[in-house]
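Below is one structure, written out as structure tokens, with a few remarks after it.
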Amino acid sequence: MNKLFSRANVPEFLQNRRLRGIAIMTAVLAILGIVLSFLLNWIFGIVILVLIGVATLVTFNTMAEIGSDTTQYISDLSFRIQQGEQEALIRMPPGVMILGDSDQIEWVNPYLQDFFGDTDILNRELEEVDPELAKLVADVEPKTMTTVKWRDYRFTLYIQPDFHTLYLYDITHYELIQEQYDDEKIAIGQVFLDNYDEVTQSMTDQDISNLRNYVTNELSAWVQQFDMYLKQLDDDHYFILAYAKSLTAIETDKFKILDTIRESTSKQNFPLTLSMGIAYGDANLNKLADQAQSNLDLALGRGGDQVVVKAADQEARYYGGKTNPMEKRTRVRARMISQALQELMNESDQVFVQGHSQPDMDSLGACLGIRRIAKMNNKTCWIVLDKETVHSDVQRLLDNLKDYPDIEAAIISPKEALEKANDQSMLLMVDHSKPSISISADLYHRLENRVMIIDHHRRGEEFPENPLLVYIEPYASSTCELITEMFEYQSQEAEPINKLEATAMLTGIFVDTKHFSLRTGTRTFDAASYLRSAGADAIELQQYMKENVDNYLQRNHLIEMVEFVNEDMALITGEEDQTYDPVTAAQAADDLLNMSGVDASFVVTRRADGRVGISARSLGVINVQLTMEAMGGGGHLSNAATQIPDKTVAEVKQQLIDILNHTPQPEEATT
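Convert by adding 36 to the 1-based position in the sequence shown; the result is the number in my numbering.
Now the structure itself:
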């Protein structure tokens, strides 16, 4: 009996718990019906019993057929699923490869085998079969989806290390769509003729027309070559529209159009240079246009004759900028800046002026000049200075302030400046435009919306976001020269510049021009003449320029360690465990230029603040500014520097040598 009702002999549909429950309930009801029927009438009970028996038999047969059909359906479905899985593994596009413990190929699916053709690859090492794929597998992090390029295809490579299996998903079609999308992104450019007004001042109308036509024709041919759009907005201003693909092509070409126009116009005795600002990467055209204009401003602020390519929130790429900036400043511009400065001062309750950290005579002289202009306009001006970090020449000037108590009282510490500053105050940054190298970066952040900049260095990527006024002239000899020109446009009834201020400013010009031998123009001598007539003392200037015996010996000690890089570059490296005065290092770099055959010099030393500093100088043939920018610094084409934290002198030296050995040519870019 037990065997008869064992699970094996029970129909499959009764093996289902729910169906068994229904069957039991039906059987109970049938038994109750039979019992009641017999109680009423035994004949009626027999009839009911027969009917229930027949119904039960029919039901069992029907349910058995249903169960059998269901079982067959499930069996067929399972078979098809398994067969589909096998077909997917073998035939579908994802490539599958199983490797052994020694990276020998144990199995590949037919899809992946097609890439190897008829080559027998089983039981051979992957490196032997396909070195390119082996390298990709070695470089990819396991259990990560990584896009790779293999045999002109794009794949997503996934490695399952537990089973020594790699999967290759072909995404070439989608990658090509993405590449097309990226190539067709819009780039906007602004093109400006740097010195068009100056060049055309003395030209006839016919020559001006010929020059304009030549430039337009050259630019038109250039944009057609790279499938771009050009629109002339003004005599000296053009607009370009391009795809990202075209931008990549002209960057590869290194913007040779700059050299073409400069060299051709120079042969005609009308040297004309271009500057460009190009923006890309943003879908918003308004933002792109603003970025392009900002990039053009950056190119012009760096001296012109160059291109700045930059997307928002990314580093700029510079092309060109190998020539010395041409003098474009006019006395009209100096007068306009002077008047604008007066208006800004009149709108402020007090003025703060600060130079760069480790100030030199140009920096402090400029501060004294701004203070005098503020006083001429009846404004209180505070000179922010950290007296603990000044060099010997600046200290000699400070020692002489005892005879000028009003100036001495105007010099305050960064802490005092922060206490005095308010929302109506104005800050002037002189001899620098990088907030990070200001004497007080905190003061800048306090007054960042009330800032004016006066500088003669090429503008870098780090720059105040919302300056009230910017006066940057990279060709000028010094900041003191720029400020001296402003005195001519101040009130003649105000107290003029005094002897100490004039001497300090003349010293600043003297130092930055290396005794009037570098970066001097007619305006430089005009400014020096004005300061001399205002009482600048040449003897006192020499006193400021004197150096103590220790610095003199230290400079000579540095020069004794000179070595040469690429024959025309001199390099000095100070000892790791000794600190050097940055002015002494700069003087050593200047002295190296006096050596025959030296076109550029670099002095690498440990500074007192722990950073490693580099002073770079050149005669103008080699652009040391680009080299220093590559190391986080900046400056002029012939005078630049940088300070690097958290590195040894030897590490900085090697980094510099690596850069010098790969110094960009005039048409190449530096980021």
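The beta-carbon is built from N, C-alpha and C at its ideal position, and this holds for glycine as well.
- Message: By the three-class DSSP mapping on this structure, what secondary structure does K550 have?
- Response: As a working mapping, residue 550 is identified with position 514 in the sequence shown. Of the three classes helix, strand and coil, the one that applies to K550 here is coil, per DSSP.
- For the segment 662 to 670 and the segment 602 to 613, state whether three or more C-beta atom pairs, one from each stretch, are separated by less than 8 Å. no
- Task: Could you pull out every residue in the same chain whose Cβ sits closer than 6 Å to the Cβ of V688, ignoring the five residues on either side in sequence?
- Result: Numbered from 1 along the sequence shown, position 652 holds the residue referred to as residue 688. Closer than 6 Å at the Cβ level, and outside the excluded window around V688, lie V640, V648, I680.
- Item | Pick from V601, R653, D635 that is closest to Q690, judged by C-alpha positions | Taking the sequence shown and counting its residues from 1, one reaches residue 690 at position 654. For the residues V601, R653, D635, the minimum Cα distance to Q690 belongs to V601.
- Item | Contacts around G313, its chain only, beta-carbon distance under 6 Å, and the 5 residues preceding and following it disregarded | Start at 1 with the first residue of the sequence shown, and residue 313 comes out as number 277. The residues are Q226, A328, N331, L332, A335, V344.
- Rounded separation between A540 and F552 - CA only: What you label residue 540 is simply residue 504 of the sequence shown in a count that begins at 1. What you label residue 552 is simply residue 516 of the sequence shown in a count that begins at 1. Going from the Cα of A540 to the Cα of F552 covers about 15 Å.
- Query: Excluding sequence positions up to five away, which residues of its chain have a Cβ less than 8 Å from the Cβ of I695?
  - Reply: Reading the sequence shown from its first residue, position 659 is the one you call residue 695. Here the set comprises T663, A666, M667.
- Item | DSSP three-state assignment for A352, whether helix, strand or coil | Walking along the sequence shown from the start, residue 352 turns up at place 316. Here A352 sits in coil by DSSP.
- Query: Counting pairs of beta carbons, one from the segment 565 to 572 and one from the segment 425 to 437, are three or more of them closer than 8 Å?
  - Reply: no
- Determine the extent of the alpha helix (DSSP H) in which M581 is found, giving its start and end residues. As a first step, residue 581 must be located in the sequence shown, where it is residue number 545. Where M581 is concerned, the enclosing alpha helix (DSSP H) stretches over 574 to 581.
- Query: Going by other Cβ atoms of all chains shown within 10 Å of its Cβ, with 16 needed for buried, is K185 buried or exposed?
  - Reply: Numbered from its first residue, the sequence shown carries residue 185 at position 149. Under this definition K185 is an exposed residue.
- Query: Counting Cβ pairs closer than 8 Å, one from the segment 476 to 484 and one from the segment 442 to 455, do we hit at least three?
  - Reply: yes
- Query: If you count every other CB in all the chains shown that lies within 10 Å of the CB of A197, and 16 or more means buried, which is it?
  - Reply: By 1-based counting over the sequence shown, the position of residue 197 is 161. One detail in the question is off: residue 197 reads as Pro in this sequence, not Ala. That one is exposed.
- Message: If the criterion is Cβ atoms closer than 8 Å, does the pair Y507 and I490 meet it?
- Response: Taking the sequence shown and counting its residues from 1, one reaches residue 507 at position 471. Taking the sequence shown and counting its residues from 1, one reaches residue 490 at position 454. Against a cut-off of 8 Å, the Cβ pair of I490 and Y507 comes out as a contact.
- Could you tell me how far apart the beta carbons of D188 and L162 are, in whole angstroms, since I believe they sit closer than 8 Å? Translated into the one-based positions of the sequence shown, residue 188 becomes position 152. Translated into the one-based positions of the sequence shown, residue 162 becomes position 126. Not confirmed; about 19 Å, so no contact.
- Item | Segment limits, beta strand (DSSP E) that includes V639 | Along the sequence shown, one-based indexing puts residue 639 at 603. Where V639 is concerned, the enclosing beta strand (DSSP E) stretches over 636 to 642.
- Could you check if Y232 is buried or exposed, using at least 16 other CB atoms within 10 Å of its CB as the buried criterion? Counting from one through the sequence shown, the residue named residue 232 turns up at place 196. Y232 comes out buried.
- Message: Suppose contacts are defined by Cβ-Cβ distances below 8 Å. Is T474 in contact with H492 by that definition?
- Response: Position 438 of the sequence shown holds residue 474. Position 456 of the sequence shown holds residue 492. It should be noted that the sequence gives Ser, not Thr, for residue 474. For S474 and H492, no; Cβs fall outside 8 Å.
- Query: In or out: V144 buried (at least 16 other Cβ within 10 Å) or exposed?
  - Reply: Here residue 144 is taken as the residue at index 108 of the sequence shown, counted from 1. Its Cβ being crowded by 16 or more others within 10 Å, V144 is buried.
- Message: Under 8 Å: do the segment 273 to 283 and the segment 215 to 229 share three or more Cβ pairs, one atom per stretch?
- Response: yes
- Task: State the start and end residues of the unbroken alpha helix (DSSP H) segment that holds G401.
- Result: In the sequence shown, the residue the question calls residue 401 occupies position 365. Taken as a continuous stretch (DSSP letters only), the alpha helix (DSSP H) holding G401 covers 397 to 412.
- Item | D263 in three-state terms, based on DSSP | Translated into positions along the sequence shown, residue 263 becomes position 227. Of the three classes helix, strand and coil, the one that applies to D263 here is coil, per DSSP.
- Under the rule that 16 or more other beta-carbon atoms within 10 Å means buried, what is F291, buried or exposed? One-based indexing of the sequence shown puts residue 291 at position 255. Label assigned to F291: buried.
- DSSP state of L8 mapped onto helix, strand, coil: For residue 8 there is no data in the structure shown, the boundaries of the chain being 37 and 707.
- Contacts around N485, its chain only, beta-carbon distance under 7 Å, and the 5 residues preceding and following it disregarded: Here residue 485 is taken as the residue at index 449 of the sequence shown, counted from 1. These residues qualify, in order along the chain: N502.
- Message: Our contact map puts G136 next to Y203 with C-beta atoms below 8 Å; I'd like the distance itself, whole angstroms only.
- Response: Position 100 of the sequence shown, counted from the first residue, corresponds to residue 136. Position 167 of the sequence shown, counted from the first residue, corresponds to residue 203. 17 Å between Cβ atoms; not a contact.
- Message: Rounding to the nearest angstrom, what Cα-Cα distance links F546 and Y580 in this structure?
- Response: Here the question's residue 546 lines up with position 510 in the sequence shown. Here the question's residue 580 lines up with position 544 in the sequence shown. For F546 and Y580, the distance between alpha carbons rounds to 11 Å.
- Query: When DSSP builds the beta bridges, which residues end up paired with R495?
  - Reply: If you number the sequence shown from 1, residue 495 lands on position 459. Note: R495 sits in no beta bridge, so no partner.
- Message: Comparing C-alpha positions only, which one of A410, G339, I276 sits nearest to Q378?
- Response: Against the sequence shown, residue 378 aligns to sequence position 342. Looking at the Cα atoms, A410 is the closest of the given residues.
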